[in-house]
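Worksheet for the structure shown next.
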Amino acid sequence: MVIQFLSHAEVCELTGARTKAGQILNLKRNGIRHTIKANGWPSVTASAVTTSGQIDVEKPAWTPCKAV
Numbered sequence: 019m020v021i022q023f024l025s026h027a028e029v030c031e032l033t034g035a036r037t038k039a040g041q042i043l044n045l046k047r048n049g050i051r052h053t054i055k056a057n058g059w060p061s062v063t064a065s066a067v068t069t070s071g072q073i074d075v076e077k078p079a080w081t082p083c084k085a086v
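Residues in the sequence shown are numbered from 19 upward in steps of one, following the numbering used here.
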């Protein structure tokens with residue numbers, strides 16, 4: 019599975035901001051998951067803006083470990 023990130027131009031278009039602070043503020047306000055890279059610019063995965071809702075992951079059924 020390859021993780022794809024939005025380019026700087028795509029993040030600018032998504033947020034409508036060209037500054038680090040403006041992009042981060044817009045992403046936080048809109049609840050878009052992102053991380054901050056070492057250089058201070060936000061990094062957004064393509065799946066953060068293309069998937070609707072959360073991904074359903076099957077959880078294993080819990081079974082107690084009773085001593086018999």
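Every residue gets a Cβ at the ideal spot worked out from N, C-alpha and C, and that includes glycine.
Would residue 29 pass as a contact of residue 60 if the rule is Cβ separation under 8 Å?
Cβ distance < 8 Å, so residue 29 and residue 60 count as in contact.
Can you name the start and end residues of the alpha helix (DSSP H) that residue 65 belongs to?
Counting along the chain, the alpha helix (DSSP H) containing residue 65 begins and ends at 64-68.
So, for residue 4: in the same chain, excluding its five sequence neighbours on each side, which residues have a beta-carbon less than 6 Å away from its beta-carbon?
Since the first residue of the chain shown is 19 and the last is 86, residue 4 is not available in this structure.
Since residue 43 contacts residue 67 with CB under 8 Å, what's their CB separation in whole angstroms?
So it is not a contact: roughly 17 Å between Cβ atoms.
Classify residue 41: buried if its beta carbon has 16 or more other beta carbons within 10 angstroms, exposed otherwise.
Counting Cβ neighbours within 10 Å, residue 41 comes out buried, since at least 16 surround it.
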